[in-house]
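First comes the structure, then the notes that go with it.
Numbering (our numbering), first residue to last: 13 to 234.
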């Protein structure tokens, strides 16, 4: 028995199905390319909470007089716009602000206070901005010199620690000891290093005072 030939309606459905299949395939390919491109260029990468940070505005009102007597901006302590190594804006950004005591040659209780801030950006598609900041922060801690008395500071931002760096300077037959107390912390993609310098060994109370100010700085970023 001879099979009946398909009628005209059946013959017309097949081309339409083929066209729909091709269109669907093209949509899937284009959509896949779009998703891949968005992933590659960082659309799904966490940029962190911070972009530009003005270091000179991070210290809360009233904090400076507790650290230096009659503080005055250092010549390098004005609020520098965040910058990169190759120009303005984009990439990892840094800002620094510094103040000195107007009482020259005396610890009152610190001689200088410096606040350094660094904002890390994402490195799509593999590393988010907070991940890159976390790696840099771990490097800050690992590079602490022996004898710096590194201490964890619980509750300080997402992670924080403090240390005391010591440097000796020989001037003719005299030796000058310089101590830098650092309190460093990270929140999201922002890293902060609050430091203060004195020429006498800092007491536990003095270190705690700087740590308390760092907690205030971190609290202002929530």
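Beta carbons are placed, not taken as given, at the ideal position from N, Cα and C, and that holds for glycine.
Look at the beta carbons and you see the segment 149-168 not touching the segment 76-84: under three pairs across the two are nearer than 8 Å.
Distance from the CA of residue 121 to the CA of residue 210, rounded to the nearest whole angstrom, comes to 7 Å. Residue 69 carries a helical assignment under DSSP once its states are collapsed to helix, strand and coil. Classified as buried, residue 214 has 16 or more neighbouring CB atoms from the shown chains inside 10 Å of its CB.
Under the DSSP assignment, residue 151 falls in the alpha helix (DSSP H) whose first and last residues are 141-154. When C-alpha distances from residue 127 are compared across 223, 220, 109 and 142, the shortest belongs to 109. Taking 7 Å as the cut-off, the beta carbon of residue 202 is found no closer than this to the beta carbon of residue 226.
Secondary structure at residue 194: strand, using DSSP grouped into helix, strand and coil.
Buried is the label assigned to residue 223, since at least 16 other Cβ atoms lie within 10 Å of its Cβ. Per DSSP, residue 221 is one residue of the alpha helix (DSSP H) stretching across 216-231. Pairing residue 219 with residue 208, the inter-Cα distance amounts to about 9 Å. No Cβ-Cβ contact shorter than 7 Å links residue 81 with residue 112.
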